[in-house]
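A.B. asks: Residue numbering for the sequence shown follows this note's numbering, starting at -16 and increasing by one per position.
Take this structure, written in C-alpha cells, and hold onto it; I'll ask about it next.
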Amino acid sequence: MPVYEYEALLENGKKSKGVVDAESETAVRVRLRGEGKYPVSIRLTKARIDQADGGGLGRLHLFERVKPVEIHLFTRQLATLIGAGIPLDAALGSIVEQCENPALKRVTVQLKESVSEGEPLSRAMQRFNRLFPNMYINMVRAGEASGGLDRVLSRLADFSEKQEALKARLRAALIYPLFMAVIGAGILFILITYIVPNITRVFDEMGQVLPLPTVVLIGLSSMLRDYWWLLVVALLGTFFAGKMLVRRKTGKSIWDMVKLRVPVFGPVVRKAVVARFSSTMESLLGSGVEIIQSLEIVKRIIDNTHVSATIDRAIEDINRGKSMATALSGSAWFPPMFVQMVAVGESSGQLEEMLGKVAEASERDVESAVLGMTSLIEPVMIVSMGVAVGFIVLSILLPIFEMNQMIG
C-alpha cells in the first residue's frame, strides 16, 4: 500500500503534518477530512518512489538523519508495546503517531505496511540497512523464531543504550584535551605570525648577526605568515591520501595493526575490542542466535582486519568441534583472563552470563584507560606549550643580551 506525506490545517487553523498509508491520494483526502483535517498538500513518500523505481528503500533524503538515540527509543517503545500484548502492526502504528522525526516516521510506516501484508519484521528491516544493522536484524529474526520478540527487543535496546552511553563518556573525556590542543595551537600561531614579526623587525634593521634560535624563529614566522595556506593544503592532502590508502586492503591491514600496537593508544583499542566482542556476543547468544552466526556478525562489527582473521580461524576451529575458549586461546588480541572466563562459562553452561561480566569489566577498563590517557595528555600538552613559548622567549632575548654586551 502506498505511503503519503501530508500537510493539513486543523479546525483551529493550526498546521498538521504526518504520514499515512492509503490506496490513493483521494483515499488520503477522505481519511483526513474524516479526522477533521483539511489537506493542503499530499505527496508520495520518497521511500515509495524509490521502490517504484527499483531503488533501495533504505535511502533517506540528503539532509535527513535518524540519530542512534531515536533508534534506541523506537526499539524500547516497540518492546514495551509488544510485551503488553499489542499486535506488531498495531504497535508500529502507535509508534508512527508518536514519532517526531519525519524520516523515521516514514520508515516506521513502511515497516507497518510490510508487517500488515504478512512479511516478517526482520525482512522488512533489511530494506533499511542504514538504520538497522546486521546485528539488529539477526536478533529480531531470532526473536521472531523463538516467539520472544519483546524480550529480544528489550535486550537489544539495553545493549544499544549501554554502547551509546559508553561512547558518550569517552567523547566527554576527550573533549577537554582536544579543546586545549586547539586553543594552544591557535595561541602559538598568533604569537609566531603576528607578535614575533613586530619584535624581530628591530633586529633586522640593526643588521647584526643573529643567534641560530632567532634565525629559526624568524624563518618559521615568515613561512607561516606567507605560506600558511600551503600548510593547510598539505595537511588536507595528507588526510585524504591516508583515507584512500586505508580503503585499500594493504593500507587497512597496516592501519589496523598500528591501532592495535601503537604505545598508549594500542592497549585502549585492544580492551575496546574485548569489550565490544563480549557485549555483542552476550546479546546475540542471549537472543537465540547460533554461535557461528554470532561470530560472523561480531567480526563485521569490530571491523579490524587482524581481529577478524582471528575470529575466522576461531570459526573454523569451532566447526571442527573445538570450544570457543580453545579456538580463541593463543590470540594476541584476546588476553588469557578473557579466554579462562569463556572456558568457565562454557563448562558451566553459563556462557552468556560470563560474557556479560567480561563485557562490564572490559568497559570499565576502557573507560579507566581513556581517563588515564587523557590525564597523561594534559601534562604533555602543558610541557609542550611551555617548551614552545620558552623557545620563542629565548629566541627574542638572546639578541638583546648580545646587544647589551656590545654596548657594555
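Beta carbons: idealized from backbone N, C-alpha and C, even for Gly.
1) For V192, count neighbouring Cβ atoms within 10 angstroms of its own Cβ and tell me buried if that reaches 16, exposed if not.
2) Decide if S266 is buried, meaning its Cβ has at least 16 other Cβ atoms within 10 Å, or exposed.
3) State whether the region 110 to 126 contacts the region 272 to 284, with contact taken as three or more CB pairs (one from each stretch) at a distance under 8 Å.
4) In terms of residues, what are the limits of the beta strand (DSSP E) holding V23?
5) Would you call the region 175 to 185 and the region 194 to 213 in contact, with 3 or more CB pairs under 8 Å?
6) Between which two residues does the alpha helix (DSSP H) containing Y210 stretch?
7) If we count the other Cβ atoms within 10 Å of its Cβ and call it buried at 16 or more, is E409 buried or exposed?
8) Under a Cβ-count criterion, where at least 16 other Cβ atoms within 10 Å of its own Cβ denotes burial, should G339 be classed as buried or exposed?
9) Taking the alpha-carbon of Y(-13) as reference, which of E96, L(-7), G(-4) and A352 has the nearest alpha-carbon?
10) What is the rounded straight-line gap between the Cα of L171 and the Cα of L219?
11) Count the CB pairs spanning the region 253 to 269 and the region 314 to 327 that are closer than 8 Å, and state whether there are at least three.
12) I383: which of G332, A155, V185 and S105 sits nearest, CA to CA?
13) Taking a contact to mean a Cβ-Cβ separation below 8 Å, would you say A401 touches V49 in this structure?
14) Which residue marks the beginning of the alpha helix (DSSP H) containing G66, and which one marks its end?
15) Which partner residues of K393 appear in the DSSP bridge assignment?
16) Curious, which full-length alpha helix (DSSP H) runs of at least 4 residues does the region 62 to 114 contain?
17) Which one of K232, L27, L149 and G76 has the shortest CA to CA distance from E346?
18) Between the alpha carbons of S330 and L268, how many angstroms are there, rounded?
19) Under DSSP, the alpha helix (DSSP H) around K145 begins and ends at which residues?
20) Select from V247, S270, E127 and V199 the residue whose C-alpha is nearest the C-alpha of L334.
21) Contact defined as beta carbons within less than 8 Å: I believe L71 pairs with V98. What is the distance between those atoms, to the nearest angstrom?
22) Tell me, please, which residues DSSP counts as bridged to E(-10).
23) With H, G and I counted as helix, E and B as strand and the rest as coil, what does DSSP make of D300?
24) Can you tell me whether V192 is helix, strand or coil according to DSSP?
25) Using a 10 Å radius around the Cβ and a threshold of 16 neighbouring Cβ atoms, would you call K88 buried or exposed?
26) Cβ atoms of D133 and G76: under 8 Å apart, would you say?
27) In three-state DSSP terms, what is S378?
28) Provide the residue span of the alpha helix (DSSP H) that contains K282, from first to last.
29) Kindly indicate which three-state DSSP category G271 falls into: helix, strand or coil?
30) Under DSSP, the alpha helix (DSSP H) around Y119 begins and ends at which residues?
31) Under a Cβ-count criterion, where at least 16 other Cβ atoms within 10 Å of its own Cβ denotes burial, should R124 be classed as buried or exposed?
32) Counting only beta-carbon atoms, is L213 nearer than 8 Å to chain C?
33) Tell me whether the beta-carbon of P352 lies closer than 8 Å to the beta-carbon of P250.
34) With H, G and I counted as helix, E and B as strand and the rest as coil, what does DSSP make of A258?
35) Span of the alpha helix (DSSP H) holding Q333?
36) Applying the 10 Å Cβ sphere with the 16-neighbour rule, what's the burial state of S7?
C.D. replies: For this structure:
1) exposed
2) buried
3) yes
4) Y21 to L27
5) yes
6) L195 to R230
7) Since the first residue shown for the chain is -16 and the last is 391, residue 409 is missing from the structure and cannot be characterised.
8) buried
9) E96
10) 20 Å
11) yes
12) V185
13) No statement about residue 401 is possible, as the shown extent of the chain runs from -16 to 391 and does not include it.
14) P51 to G66
15) No information on residue 393 is available, as it lies outside the stretch -16 to 391 that the chain covers here.
16) 71 to 81, 85 to 99 and 104 to 108
17) L149
18) 16 Å
19) L132 to I173
20) S270
21) 5 Å
22) K0 and S24
23) helix
24) coil
25) buried
26) no
27) helix
28) I274 to I285
29) coil
30) N117 to S129
31) buried
32) Protein chains in the displayed structure number just one, and chain C is not present.
33) Looking at the sequence shown, residue 352 is not Pro but Ala. Yes, they are a contact pair.
34) helix
35) Note, Q333: premise wrong, no alpha helix (DSSP H); not H, not E.
36) exposed
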